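Below is one structure; the comments refer to it alone.
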DNA sequence: AATATTTTTTAGGCATATCTAAAATCTATT
DNA sequence: AATAGATTTTAGATATGCCTAAAAAATATT
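Chains as they are written, first to last, in the numbering used here: chain R, 1 to 228; chain S, 1 to 228.
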């Protein structure tokens, strides 16, 4: 049974890998788990001993099938608890991360399954991230960054790629949330900021930096998939 | 902030104290937390340094006010989560202990309060044990009105449900106080008044009205039933 | 290709929490 | 009051997980 710490490292490696890095570096892991590179090296040796990662000195790491399984079970729990916190305990989407970081380590597969059922088998967490199923499969959001969408296009918001509370509150303040219908009125040439309409209200302007971190879907297909 | 382990020790000491031991012994703690006496001694030193217990070598331990506060917050969380597991996730009352042992360490006072509200402020956990409120107060589970006890039963007085000076003086005059051992000799059919012995002195008679306002716990039977 | 810079690893510590074995202390009995 | 037995504490290890500082290796720059 992996320790909390081991689980955190596996999750971090999974996240980084998910972000597109094939061989995850020691430093990037250190940044992700908020520790020092030396501590990461220590842990990598242990995880390699336990066959949860493939690791060769100076060459970065990859999850093994078993390591990936563990990582996904943590991600599954994290995201399910986030749904619980928001839907049942009325937390806002920018408040749930720290608590879910603790809850994700609660061990009982049966508990996870019952929670899943209690929440009516949600497919996405409050930030639009997909929740792995029991077997580790995850529905691909197939979303694209709002910053890549052309003027005139109508899209639906499906998620965020930046999860900080500050950013989430920024979105709240601008009336932007999961499922929001967004129309791009204009892409300002000078700084690539966007003039957009959210749910057909008065147009607002958001920076390119903000747009980069907003994930959207071009069609309206998502509406049926999304169960709130 | 106490560690998980410190919290477990404080909870164990609280439990043992609750069971009637004034100065809790090292061995009894070792049995409760399932570890060795030497490990307990180590931890007792640490807890004493942190002023969570009063500890003198070879003399047993007592919780300080702060230690009790911590212990009760753990007990509160444990029992609230047990209610959640049984009422929301359909667990049976004999299945919830291990999972609640993990959940009780989740830290967020706000989460605890929201959970409490979500569960509609339960007073007892699925085993009938009282749930401490935010301030650490707990309703005594075992307490029932003396007027509901059958003839022949031996009980111990635990409280009153009527706080007037007149009533309290009445109790004083009859030698009835917290901790008094009361035996019901006879329930008089005509007016439901009770013939009782207090601390094995000569039998006295009290009215049904008085009996109604005296809270007692059944001294033997209930204790064993409680830990099913 | 040689050197400078960055990244990663090693070496050596520290704190937590546990253990066994032995010593110290308390308690109960004769 | 002396001693046998039980309890508790100390001493000395072990494992986890973190740290800093220095060495080693990889990468970038000239």
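From the three backbone atoms N, C-alpha and C, an ideal C-beta is built for every residue, glycine too. Computed from a predicted structure; not experimentally measured.
Bridge partner(s) assigned by DSSP for residue i
i, result
"residue 183 of chain S", "S:154 and S:197"
"residue 62 of chain S", "S:54"
"residue 218 of chain S", "S:155"
"residue 130 of chain S", "S:124"
"residue 70 of chain S", "For residue 70 of chain S, which the question treats as bridged, DSSP gives no partner whatsoever."
"residue 204 of chain R", "R:196"
"residue 144 of chain R", "R:216"
"residue 24 of chain R", "R:61"
"residue 160 of chain R", "R:214"
CA-to-CA distance, residue j to residue i, given in whole angstroms
i, j, result
"residue 51 of chain S", "residue 19 of chain R", "47 Å"
"residue 155 of chain S", "residue 146 of chain S", "8 Å"
"residue 81 of chain R", "residue 100 of chain R", "6 Å"
"residue 227 of chain S", "residue 206 of chain R", "Only weak support exists for where residue 227 of chain S lies, its pLDDT of 34 falling under 50; the coordinates are left without a value."
"residue 41 of chain R", "residue 67 of chain R", "17 Å"
"residue 5 of chain S", "residue 47 of chain S", "11 Å"
"residue 183 of chain S", "residue 143 of chain S", "15 Å"
"residue 138 of chain S", "residue 33 of chain S", "23 Å"
"residue 13 of chain R", "residue 38 of chain R", "16 Å"
"residue 35 of chain R", "residue 16 of chain R", "15 Å"
"residue 203 of chain S", "residue 185 of chain S", "8 Å"
"residue 26 of chain S", "residue 78 of chain S", "24 Å"
"residue 96 of chain R", "residue 136 of chain S", "26 Å"
"residue 63 of chain S", "residue 43 of chain S", "13 Å"
"residue 171 of chain S", "residue 157 of chain S", "11 Å"
"residue 151 of chain R", "residue 168 of chain R", "24 Å"
"residue 189 of chain R", "residue 211 of chain R", "14 Å"
"residue 31 of chain S", "residue 91 of chain S", "27 Å"
"residue 9 of chain R", "residue 159 of chain R", "24 Å"
"residue 109 of chain S", "residue 192 of chain S", "47 Å"
"residue 21 of chain S", "residue 54 of chain S", "14 Å"
"residue 49 of chain R", "residue 87 of chain R", "40 Å"
"residue 23 of chain R", "residue 29 of chain R", "11 Å"
"residue 180 of chain S", "residue 163 of chain S", "18 Å"
"residue 111 of chain R", "residue 201 of chain R", "43 Å"
"residue 225 of chain R", "residue 128 of chain R", "Confidence at residue 225 of chain R is low in this model, with a pLDDT of 39, below 50, so the placement of that residue should be treated as unreliable; the coordinate-derived value is given next. When rounded, the distance between both Cα atoms is 12 Å."
"residue 115 of chain S", "residue 196 of chain S", "44 Å"
"residue 103 of chain R", "residue 134 of chain S", "21 Å"
"residue 65 of chain R", "residue 98 of chain R", "27 Å"
"residue 11 of chain S", "residue 45 of chain S", "16 Å"
Beta carbon of residue i nearer than 8 Å to that of residue j
i, j, result
"residue 161 of chain S", "residue 213 of chain S", "yes"
"residue 187 of chain S", "residue 194 of chain S", "yes"
"residue 118 of chain S", "residue 89 of chain R", "yes"
"residue 130 of chain R", "residue 140 of chain R", "yes"
"residue 2 of chain R", "residue 70 of chain R", "yes"
"residue 165 of chain R", "residue 113 of chain R", "no"
"residue 105 of chain S", "residue 7 of chain S", "yes"
"residue 149 of chain S", "residue 175 of chain S", "no"
"residue 153 of chain R", "residue 218 of chain R", "yes"
Amino acids of chain S, ordered along the chain, whose beta-carbon sits closer than 9 Å to that of residue i
i, result
"residue 99 of chain R", "106, 107, 108, 110 and 111"
Within chain S, the residues that residue i reaches when beta carbons sit closer than 8 Å
i, result
"residue 115 of chain R", "89"
"residue 118 of chain R", "88 and 89"
Cross-chain neighbours of residue i in chain R, by beta carbon under 7 Å
i, result
"residue 103 of chain S", "106"
Answer yes if the stretch 118-131 of chain S comes into contact with the stretch 83-99 of chain S, meaning at least three C-beta pairs across the two stretches below 8 Å, and no otherwise.
yes
Whether or not the stretch 55-62 of chain R and the stretch 71-81 of chain R are in contact is what I'm after, with contact meaning three or more pairs of Cβ atoms, one per stretch, closer than 8 Å; do they touch?
no
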